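Student:
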Amino acid sequence: MELRKYQSWISEFYKKRNWYQYDPFIRSNFLSEEVGEVCRAIRAIEIGRDRPDEQQSAYQESLENLTEELGDVLDNLLIIADKYNISFDEIMTTHKKKLEQRYNHK
Numbered sequence: 001m002e003l004r005k006y007q008s009w010i011s012e013f014y015k016k017r018n019w020y021q022y023d024p025f026i027r028s029n030f031l032s033e034e035v036g037e038v039c040r041a042i043r044a045i046e047i048g049r050d051r052p053d054e055q056q057s058a059y060q061e062s063l064e065n066l067t068e069e070l071g072d073v074l075d076n077l078l079i080i081a082d083k084y085n086i087s088f089d090e091i092m093t094t095h096k097k098k099l100e101q102r103y104n105h106k
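Numbered according to full-length UniProt numbering, the sequence shown spans residues 1 to 106.
#1: What is the DSSP secondary structure of W19, counted as helix, strand or coil?
#2: Quick check: the Cα distance between T67 and N29, rounded to an integer number of angstroms?
#3: Alpha carbon to alpha carbon, what distance is there between A81 and N65?
#4: Could you tell me whether the Cβ atoms of E61 and E34 are closer together than 8 Å?
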């Protein structure tokens with residue numbers, strides 16, 4: 001799926017669920033929470049959780065969890081960008097230009 005189409009779809013989905021209403025300041029806190037869940041998923045894959053009250057997941061199951069958590073991060077980034085009417089195409093183009101200028105790469 002194209003990122004632009006997904007950004008439009010996720011914005012509509014969030015609006016239907018009444019999740020879009022939160023301002024970017026609150027949304028950024030949701031983003032922080034989801035980034036923490038990505039970190040937890042990576043830890044589970046790389047070094048394990050070392051919790052006697054939890055069963056260790058199979059590698060594929062851990063990857064699926066990481067994929068889901070990365071999706072949650074992406075969704076929050078897309079919603080924040082949408083709130084400011086910024087497309088991911090614009091973000092990627094601007095960021096690429098910044099990196100090329102900063103590090104003198106073309």
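Glycine included, C-beta positions come from ideal geometry on N, C-alpha and C. Only a predicted model underlies this, so the values are computations on that prediction, with no experimental measurement involved.
Tutor: Put simply:
#1: coil
#2: 20 Å
#3: 24 Å
#4: no
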